[in-house]
Amino acid sequence: MPDDQTVPHRALLVPVKGIPLPAHFAKDFDAVSAFCPHPSDLLVASYPKSGTTWIQEIVDLLLHNGDAESCRRASIIKRNPFLEAPAHLCQRTGVALLKEMDPPRVMKTHLPFQLVPVGFWENKCKTIYVARNAKDTLVSYYYFQQMNLSGPEPGPWEGYIQKFMRGQLGWGSWYDHVKGYWEEREKRNILFLFYEDMKENPRREVEQIMKYLDLSLSDDVISRIVELTTFENMKENPMVNYTFIPKTVFDQSISRFMRKGDVGDWKNYLTAEQSAEFDEDYEKKMKQVNIPFRTQF
Ligand code: A3P
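Per our numbering, the sequence shown starts with residue 19, numbered consecutively.
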C-alpha cells in the first residue's frame, strides 16, 4: 500500500505514550515501535533543533572517508531516514525507507529515550545524542515552526516560551529529553555530544565521533570534513540545507533551515524578564542532574 503523502497543514499535537507528537507522526506509531534495527545500525538522536543535521553530515562524511561527492548522492533524509517520519517529507515513511536499505544504516530520531524502539538497546546499536542549550534550542525551534507549515502553529513568542517550559511542543519536554539520554548514556554506550562543544572546537568533536565509530582517518581527511561541515558550507549545500523539501512544507522565505548556527543567539530574542523566569524554572527542572550546558562562550 502506498504511504500517505498528503501534506498536513499546521498539524495538531497528539499524545503518544504521554509525549506530544504532530498528528501525522503519531498516526502510524505502532510501525515505529515495531521497527527492529540491525546491530550494525547507527542512531543519531536529539531534541529538535539541536544540531542533528550537522552530526548526520559529519557521520556520513566519516563513513565515506571525507568524499564530498559520495555525500551528495542524495538528500540527508534519504541517506539517513528520519525513523518516525510520515511519508510527506520523503514520499515514504522513515520506516519504509529504512526497510529498503541494507544495514549498516544511519538513521535519525527525535524520540525521547523511552519511545525509541527497544530493539536499538537489545541490539546494542551505537547511538550519538546531540544536545544544545535550552535557550538557543527554544529560539531555533520557534523559527523552525514558523517555516514548517506542516507542523503545529507556533503562536506568539511569549506563549511559545511558556509552551517550551511546560513541554507542550512536538517531542515533548526538552528537559526530560536531555535528562533521559544523559542518565542512560553509560549503560547504553551513547556518545553524548554538545552543540556548543562542536562550535567551540569542531575538529576535536569530529575526532571524537570518528573514534566512537571505530574509524581512523588521516589528518587531511579530518580537516576536509571539518571544512565541509562549517555552517557556511552546509548552508549552501542543497543536500543538507533542506531546500529539497517543497516550499508548501518548509517555506524557507519565512526562515532558513540553516538560520544562524550560533551559540548565544537567544540574547537577541529573550528579554531580561523572560530570561530570568526561564532560568528560575530551569533550575527547578534540572537541579537533580549536572549536565554541563553552556548558553554562551
Ligand atoms: P539555528 O536555527 O539556531 O540556526 P537540527 O538539524 O537538529 O534541526 O538543528 C538545526 C540547527 O542547527 C539550526 O540552528 C541550524 O542552523 C544549526 N546547524 C546546522 N548545521 C550547522 C553547522 N554546520 N554549524 C552550526 N550550526 C548548524
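Built from N, CA and C at the ideal position, the CB exists for glycine as well.
Proximity winner among the options, relative to residue i (alpha-carbon distances)
i: Met165; options: Ser58, Val307, Phe268; result: Phe268
i: Ile37; options: Lys253, Lys181, Gly185; result: Gly185
i: Glu118; options: Lys96, Leu129, Gln132, Thr127; result: Lys96
i: Met228; options: Glu218, Lys217, Ile240; result: Ile240
i: Pro172; options: Tyr230, Ala29, Gln23, Glu204; result: Ala29
i: Val307; options: Asn286, Tyr193, Tyr230, Thr248; result: Tyr193
i: Val196; options: Glu214, Phe131, Arg110; result: Phe131
i: Ile73; options: Thr289, Phe262, Ser234, Phe212; result: Phe212
i: Asp154; options: Gln163, Arg110, Asp283; result: Asp283
i: Phe162; options: Pro33, Ala92, Ile309, Gly279; result: Gly279
i: Val25; options: Ala49, Ser93, Leu167; result: Leu167
i: Pro264; options: Leu129, Leu235, Ala149, Ser93; result: Ser93
i: Phe262; options: Arg90, Val281, Leu60; result: Arg90
i: Glu176; options: Tyr160, Lys35, Gly190; result: Tyr160
i: Ile309; options: Gln226, Ala149, Leu81; result: Ala149
i: Leu80; options: Val50, Val124, Ala290; result: Val124
i: Lys253; options: Ala294, Ser273, Leu129; result: Ser273
i: Pro220; options: Asp237, Asp238, Thr248, Glu201; result: Thr248
i: Leu129; options: Phe47, Pro174, Ser88; result: Phe47
Distance cut-off 7 Å: residue i Cβ against heavy atoms of the ligand MG
i: Lys285; result: For the ligand MG, the structure offers nothing, since it holds only the ligand A3P.
Contact set for residue i: own chain, Cβ-Cβ below 7 Å, skip 5 residues either direction
i: Met19; result: Any answer about Met19 is weak, because its pLDDT of 46 lies below 50 and its placement is not dependable; what the coordinates show is given next. The answer is none, since no qualifying residue turns up.
i: Gly188; result: Leu31, Pro38, Leu39, Pro40, Pro66, Gly169, Pro170
i: Val224; result: Ile76, Ile240, Ile243, Val244
i: Gln292; result: Ile179
i: Pro55; result: Gly137, Phe138, Asn141, Cys143
i: Ser158; result: Lys67, Arg277
i: Asn151; result: Glu214, Phe311, Arg312, Thr313
i: Met304; result: Tyr193
i: Tyr300; result: Ala152
i: Ser191; result: Gly185
i: Gln270; result: Met165, Thr261
i: Ser88; result: His82
i: Val50; result: Leu101, Glu102, Val113, Pro135
Own chain partners of residue i with C-beta closer than 6 Å, once the 5 adjacent residues on each side are dropped
i: Leu156; result: Phe182
i: Tyr147; result: Ala63, Tyr199, Ile208, Phe210
i: Ala86; result: Leu246
i: Ser58; result: Pro121, Pro122
i: His42; result: Pro26, Ala29, Pro104
i: Arg203; result: Phe210
Proximity test, residue i beta-carbon vs the ligand A3P heavy atom, cut-off 7 Å
i: Arg221; result: no
i: Lys67; result: yes
i: Thr145; result: no
i: Asp78; result: no
i: Arg312; result: no
i: Thr70; result: yes
i: Gly279; result: yes
i: Asp120; result: no
i: Ser58; result: no
i: Met276; result: yes
i: Met125; result: no
i: Met183; result: no
i: Asp154; result: yes
i: Phe249; result: yes
i: Ser64; result: yes
Whether residue i touches residue j by CB criterion (8 Å)
i: Thr127; j: Ala44; result: no
i: Leu115; j: Pro99; result: yes
i: Gly69; j: Met216; result: yes
i: Leu288; j: Phe296; result: yes
i: Arg110; j: Asp22; result: no
i: Glu218; j: Phe315; result: yes
i: Thr145; j: Arg206; result: yes
i: Lys35; j: Leu107; result: no
i: Thr71; j: Val281; result: no
Sequence-distant residues of the same chain with beta carbon closer than 8 Å to residue i, five excluded per side
i: Phe53; result: Leu101, Val113, Leu116, Pro135, Gly137
i: Ser234; result: Met228
i: Leu231; result: Leu60, Val77, Leu80, Leu81, Lys144
i: Gln226; result: Leu209, Leu211
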